[in-house]
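If you read the sequences in order, they're chains E and F.
All the letters of the first sequence, read from the start, carry residue numbers 121 to 477 under our numbering.
All the letters of the second sequence, read from the start, carry residue numbers 132 to 481 under our numbering.
Even glycine gets a Cβ: it sits at the ideal position worked out from N, Cα and C.
Remember, predicted model here, so these are calculated numbers, not experimental data.
What follows is a single structure, written as structure tokens, with notes after it.
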Amino acid sequence: MRAADVQRSGSGELLAIDGLSVDVAAEGGPVRLVNEVSFAVGSQETVALVGESGSGKSVTAMSILGLMPPRITTTRGSVRFDGRELLGLRSRELDRVRGNDIAMIFQEPMTSLNPAFTIGEQIAEQVRRHRGLSRQMARERAISVLDLVGVPSAAQRIKAYPHEFSGGMRQRVMMAMALSCEPKLLIADEPTTALDVTIQALVLAELHSLQQQLAMSVLFITHDLGVVAETADRVVVMYAGQVVESGRTADVFANPQHPYTEGLLQSVPRGDTAGSRLWSIPGVMPTPDALPPGCHFHPRCAHAQPGVCDQGEPQLQNLGPGRSSRCVRHGELRLSGIGAGGPVESGGVTIADGGAR
Amino acid sequence: MNAILTVEDLTVRFPVGRNVFGRPRGMLTAVDHVSLTVPRHQTVGLVGESGSGKSTLGRAVLRLIPSQSGTIAFDGSDISQLGSRALRTLRPRMHLIFQDPYSSLDPSWEVEDLVAEPLGTVEPPTNRRQRRALVIEALERVGLSATHLNRYASQFSGGQRQRLAIARALVTRPDLIVCDEAVSALDVSTRSQIINLLADLQKSFGMTYLFIAHDLALVRHISDRIAVMYLGAIVEEGPAQRVYEKPAHPYTRSLLSAIPRLDPAARQQERIVLSGELPSPLALPSGCRFRTRCPHAMPICAEVTPPVVAAPGGGWAACHLNAQSGSIPISVPPDTATPGQMPAGAPAND
Chain E
121 MRAADVQRSG SGELLAIDGL SVDVAAEGGP VRLVNEVSFA VGSQETVALV
171 GESGSGKSVT AMSILGLMPP RITTTRGSVR FDGRELLGLR SRELDRVRGN
221 DIAMIFQEPM TSLNPAFTIG EQIAEQVRRH RGLSRQMARE RAISVLDLVG
271 VPSAAQRIKA YPHEFSGGMR QRVMMAMALS CEPKLLIADE PTTALDVTIQ
321 ALVLAELHSL QQQLAMSVLF ITHDLGVVAE TADRVVVMYA GQVVESGRTA
371 DVFANPQHPY TEGLLQSVPR GDTAGSRLWS IPGVMPTPDA LPPGCHFHPR
421 CAHAQPGVCD QGEPQLQNLG PGRSSRCVRH GELRLSGIGA GGPVESGGVT
471 IADGGAR
Chain F
132 MNAILTVEDL TVRFPVGRNV FGRPRGMLTA VDHVSLTVPR HQTVGLVGES
182 GSGKSTLGRA VLRLIPSQSG TIAFDGSDIS QLGSRALRTL RPRMHLIFQD
232 PYSSLDPSWE VEDLVAEPLG TVEPPTNRRQ RRALVIEALE RVGLSATHLN
282 RYASQFSGGQ RQRLAIARAL VTRPDLIVCD EAVSALDVST RSQIINLLAD
332 LQKSFGMTYL FIAHDLALVR HISDRIAVMY LGAIVEEGPA QRVYEKPAHP
382 YTRSLLSAIP RLDPAARQQE RIVLSGELPS PLALPSGCRF RTRCPHAMPI
432 CAEVTPPVVA APGGGWAACH LNAQSGSIPI SVPPDTATPG QMPAGAPAND
């Protein structure tokens, strides 16, 4: 474990992931899906884990809870929650943490709600199991958490089945279920991706106010940089199984220190990109069994230098408290960010023409 | 005729629920007296929440689903009543690209056959060698090559599959392509590649796009004009910049304010939060269909269907607020020279 990899958030760390690696069995030998990932989530903090499909962000999140995809051969490193090591815990011990101290919500609520039981029964079962409440108290608890997440007339709605709810309401029901045991950490994996923007705005606002009320930490897994800008205190950017950049959201967006982050930020269509060519990162994310040598991003990078970027794997460099980049050229590059702090007007458009395929 | 597509008063209804005798319990009006003009060589963006009817409208104008009333003028002639044989000769001139490149391409077909399939309806018929040449040209246009001819769709990534879908649409050189959430399922970096590709192809071939998406910022980027749909009706239409920067309908304003801003510094800004969700299209609200969620709803909104009012800067919106604030309600577009300013027939309840 390298000290430089560990992101200190300042305040007390609730979750500290250190040097986490996850290997999966494949025909040609084990393949590394997550490679030496380290970051921390402070108490009451919101951290966003950002990346495209194949970046390893979801595998990272799942391994916190010991929810592993099949054929995982080894998991190395450390996942400490509230001072306690979670990696290597037996499933019975993990069960006490899951749903109780750490809860998780997913993109598609129907995968985590049982269609055969009313939502009242499902929430009540959860609190009865984790909190040992009586049947009556569990029912009251179910009503109060549904109230909390903004499900109207909760006392009647607990008798409804999941299919009787709309997409946005199901997402709230899942949030109610996740929050019923007042977890210290909520892991939210693309919770609003399947929703309309109007409903997404409501769910995000609800999530924010619940976080304040319950003094909860949130680990947000998303590919949507707009959602990151709206919600996260800090952001961790992943590419091809590695952390490539991290820092405070405002810093990272205004002054990205890794070309991949720059590319992600500039690829998003905005009001002022109309009529011009959109910045695009050429090519596709490499598969974990065929990573390019050197910096894994260099074949797609607008700033790659032959002889430098294709030689030797770059290390994550510490750029100050909670700020890091895995680009060897970060010091000499002036990358384009978003908003007032970044040189978006000057650099963004011109480099976009050169960088785009 | 400057418009490739002119839709007037189009209504699409679906039967819903069936009783024991197989008779429908009710009719759902997915598209309600919609009028829309799509100027040639341009891109018209169609936005709205899920359930707004935008995909149904996109399929109806291609005659992929039947409409109950209204006309669809394609390149100057009404195609809404054409029989299947006449439609077949028209098919090569219009195409649909779907959201999901995983389910829209048959995984058991080789690329050559997938891309060549639309050529089957082209007159005069093409022989095998001509077809192969056209397929290779289309593949090269979308950034693929002849080396991909004998692969299967399942061997491609999401972005490459969407390129295949575009090549398939391109091979007959259509006049109109309806893109239904064509880039929504793609990752950020792949998405911008495909958006640029669509723009390049439009420049080279002068195709017209009807671009259906829920992402208003994306639609603003790619479109010349934007139409906003709510519960089966278009509530606002106009030049993309005007609609995006000076929305004239409260629904458009709330859609815009719901988009997460990319700038963390802009986080504190006021947000117009819509109460509740889309009402059931089986029980449309009286008067203005948006009034049940509208922050500005007034008594008149429940009683009178809002008039179509010209918006400063081009286009129009159907809202009582604008009618009251002194703007002129229009029944005839004030500037008929500008294509695409056809007002939607004020959605009459029937």
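Cβ closer than 8 Å: which chain F residues qualify as neighbours of Ile239(E)?
Simply none; closest approach about 17 Å.
Flag this pair as yes or no: are the beta carbons of Val147(F) and Ile196(F) separated by less than 8 Å?
Not in contact: Val147(F) and Ile196(F) (Cβ atoms no closer than 8 Å).
Among Val246(F), Val273(F), Leu275(F), Gly274(F), which residue has its Cα nearest to the Cα of Gln261(F)?
Considering only Val246(F), Val273(F), Leu275(F), Gly274(F), the residue with the shortest C-alpha distance to Gln261(F) is Val246(F).
Beta-carbon within less than 6 Å of Ala298(F)'s beta-carbon, same chain only, minus the 5 sequence neighbours each way: which residues are those?
The residues are Val246, Ala269, Leu270, Val273.
Helix, strand or coil at Gln331(E) [DSSP, three-state]
Here Gln331(E) sits in helix by DSSP.
If we define contact as Cβ-Cβ less than 8 Å, is Val491(F) a contact residue for chain E?
Look at the range of chain F in this structure, 132 to 481, and you will see that residue 491(F) is not part of it.
Could you give the DSSP three-state label for Ile431(F): helix, strand or coil?
Residue state, collapsed to three classes: helix.
Using the DSSP secondary-structure output, state which residues sit across from Asp143(E) in a beta bridge.
Answer is Arg152(E), Thr194(E).
Taking a Cβ distance cut-off of 9 Å, strictly less, list which residues of the segment 253 to 286 of chain F are near chain E, in chain order.
Within the segment 253 to 286 of chain F, the residues whose Cβ lies closer than 9 Å to some Cβ of chain E are Gly274, listed in chain order.
Beta bridge counterpart(s) of Ser211(E) as assigned by DSSP:
Ser211(E) has no beta-bridge partner at all, per DSSP.
Would you identify the three-state DSSP class for Ile135(F), choosing helix, strand or coil?
Shown here, Ile135(F) sits in a strand according to DSSP, grouped into three states.
Cutoff 6 Å; reference Leu206(E); Cβ partners in own chain excluding five residues on either side:
Val199, listed in sequence order.
So, with DSSP's three-state summary, where would you put Phe205(F)?
In the structure shown, Phe205(F) sits in a strand (DSSP, three-state: E or B).
How about Pro395(F): is its C-beta nearer than 8 Å to some C-beta of chain E?
Yes, contact with chain E.
Between the Cα of Phe229(F) and the Cα atoms of Thr187(F), Gln372(F), Asp244(F), which residue gives the shortest distance?
Out of Thr187(F), Gln372(F), Asp244(F), the CA that lies nearest to the CA of Phe229(F) is found in Thr187(F).
Which residues of chain F have a Cβ atom closer than 7 Å to the Cβ of Asp316(E), listed in chain order?
Contacts between Asp316(E) and chain F, judged by CB atoms closer than 7 Å, involve Glu180, Ser181, His345 in chain order.
Roughly how many angstroms lie between the CA atoms of Thr339(F) and Gly176(F), to the nearest whole one?
Roughly 11 Å separates the two Cα atoms.
For chain F, find out if any of its Cβ atoms is closer than 8 Å to the Cβ of Leu134(E); answer yes or no.
No, Leu134(E) lies away from the interface with chain F (no Cβ there is under 8 Å from its Cβ).
Under the assumption that Ala370(E) contacts Pro391(F) (Cβ atoms under 8 Å), give the Cβ distance between them as a whole number of angstroms.
About 15 Å separates the beta carbon of Ala370(E) from that of Pro391(F), a gap too long to meet the 8 Å contact definition.
Which residues DSSP lists as bridging Glu365(E), in chain order
Residue pairing of Glu365(E) in beta bridges, as defined by DSSP: Val357(E), Ser445(E).
Short check: CB of Phe201(E) to CB of Val217(E), under 8 Å?
Pairing Phe201(E) with Val217(E) gives a Cβ-Cβ distance under 8 Å.
Residue-chain proximity (Gly176(F), chain B), Cβ-Cβ < 8 Å:
Any reference to chain B falls outside this structure, whose protein chains are E and F.
I'd like to know if Asp318(F) contacts chain E, where contact means its C-beta is closer than 8 Å to some C-beta of that chain.
Judged by the 8 Å Cβ criterion, Asp318(F) is in contact with chain E.
Mark Arg322(F) as exposed unless 16 or more other C-beta atoms lie within 10 angstroms of its C-beta, in which case mark it buried.
By the neighbour-count rule (16 or more Cβ atoms within 10 Å), Arg322(F) is buried.
Give the residues of chain E in contact with Leu386(F), contact being defined as C-beta atoms less than 8 Å apart.
The contacting residues are Val317, Thr318.
Just to confirm, are Thr351(E) and Ala168(E) a CB contact at a threshold of 8 Å?
At the C-beta level, Thr351(E) and Ala168(E) come within 8 Å of one another.
Using beta carbons (cut-off 8 Å, strictly below), is Ile390(F) in contact with chain E?
Chain E contact via Cβ: present.
If we ignore side chains and look at the alpha-carbon of each, how far apart do Pro189(E) and Ser183(E) end up?
Rounded to the nearest angstrom, the two C-alpha atoms are 9 Å apart.
Given Leu386(F), which residues of its chain have a CB within under 6 Å of its CB, disregarding the five upstream and five downstream residues?
Within the same chain, Leu386(F) has close Cβ partners Leu347.
Beta-bridge partners of His164(F), as assigned by DSSP:
Residue pairing of His164(F) in beta bridges, as defined by DSSP: absent, with no partner found.
Same chain, Cβ closer than 6 Å to Cys421(E), five either side skipped, listed in chain order:
The beta carbon of Cys421(E) sits closer than 6 Å to those of Pro379, all from its chain and outside the five residues before and after it, given in chain order.
DSSP beta-bridge partners of Arg200(E):
Residue pairing by DSSP puts Arg200(E) in a beta bridge opposite Ala136(E), Glu205(E).
Endpoints, the alpha helix (DSSP H) within which Phe340(E) is located:
DSSP places Phe340(E) in no alpha helix (DSSP H) but in the uninterrupted beta strand (DSSP E) bounded by 337 to 342.
Step through the CB atoms of chain F and report whether any lies within less than 8 Å of the CB of Glu350(E).
By this cut-off, Glu350(E) is an interface position.
Kindly indicate if chain E contains any beta-carbon less than 8 Å away from that of Glu139(F).
Not one chain E Cβ lies under 8 Å of Glu139(F).
Rounding to the nearest angstrom, what Cα-Cα distance links Ser200(F) and Thr137(F) in this structure?
Each residue's Cα considered, the two are about 14 Å apart.
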